[in-house]
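Following: one structure in structure tokens, then a few remarks.
In this note's numbering, the protein residues as written are -10 to 146.
Here is the structure:
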């Protein structure tokens, strides 16, 4: 299972249509539509931008936005994305998440736990950044997420 997906900070230019489907036309978005609307109102709308020979996601006017993509090795197709920013020295905020329907809860490949793996990878990569003490997930009814994230943090360890 783990050898079929790789995590990268960019997507190939040839995968623009697949990335648009994942970010803008994802059938799973209705599950968190209110959270998405709130995130767009707070941070700005996601935008796919070409950067030399690859694609990235930028959100609003935030110049320091970073993305981590889950990509199928055999096809190069993006099947998951986490978009995050470092609002201050101690925090990383995940502002947007997207998982392809087949990997989401109820999908035929849900047993691959792609969302959990993607969040683990974000956490692993942010551990290398000096000073970061907390990873926060913006989506959710309770914006502070302090208690919830500690629980999730243990699961991600």
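Positions of the beta carbon are idealized from the N, C-alpha and C atoms, including for glycine.
Being a predicted model, the structure only gives us computed values, none of them experimental.
query: Tell me whether residue 14 is buried or exposed, calling it buried when 16 or more other Cβ atoms sit within 10 Å of its Cβ.; result: exposed
query: Mapping the DSSP letters down to three states, classify residue 11 as helix, strand or coil.; result: helix
query: Could you check whether residue 56 and residue 48 sit closer than 7 Å to each other, using their CB atoms as the reference points?; result: no
query: Cα separation between residue 97 and residue 107?; result: 18 Å
query: Do the CB positions of residue 69 and residue 81 come within less than 7 Å of each other?; result: no
query: Is the segment -9 to 10 touching the segment 34 to 43, taking contact as three or more C-beta pairs under 8 Å?; result: yes
query: Helix, strand or coil for residue 103, going by three-state DSSP, please let me know.; result: helix
query: Compare the C-alpha of residue 86 against each of 72, 125, 36 and 99 and name the closest.; result: 72
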